[in-house]
Amino acid sequence: MKFVLYRDIAGEFRWRLVASNGRILADSGEGYKNKTDCAAMIESIKQNAVDAAFVDET
């Protein structure tokens, strides 16, 4: 599994979380004006997702 940082067609930076089989598991949902902010969000997710709770709202 890996995070991929890329530029969209508008020139903004985005990220994707990609499985080893190439399937996209998650994406940023928004573009970032600068690469540093996008990379910082990736690092934040990597650090904080370990503590994320699972909530079933069905």
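In terms of my numbering, the sequence shown opens at residue 2 and continues consecutively.
No residue lacks a Cβ here, since even glycine has one placed at the ideal position from N, Cα and C.
All figures in this text were calculated on a predicted structure; none of them were measured in a lab.
Under the 8 Å Cβ criterion, the stretch 52-59 does not count as touching the stretch 27-43, having fewer than three qualifying pairs.
Between Ala11 and Gly32, the alpha-carbon positions lie close to 9 Å from each other.
Residue pairing by DSSP places Leu6 opposite Trp16 in a beta bridge. Restricting attention to Arg15, Phe14, Glu13 and Leu26, the CA atom closest to the CA of Met2 is found in Leu26. In this chain, Asp38 is not harboured by any beta strand (DSSP E); it is covered by the alpha helix (DSSP H) spanning Lys36 to Asn49.
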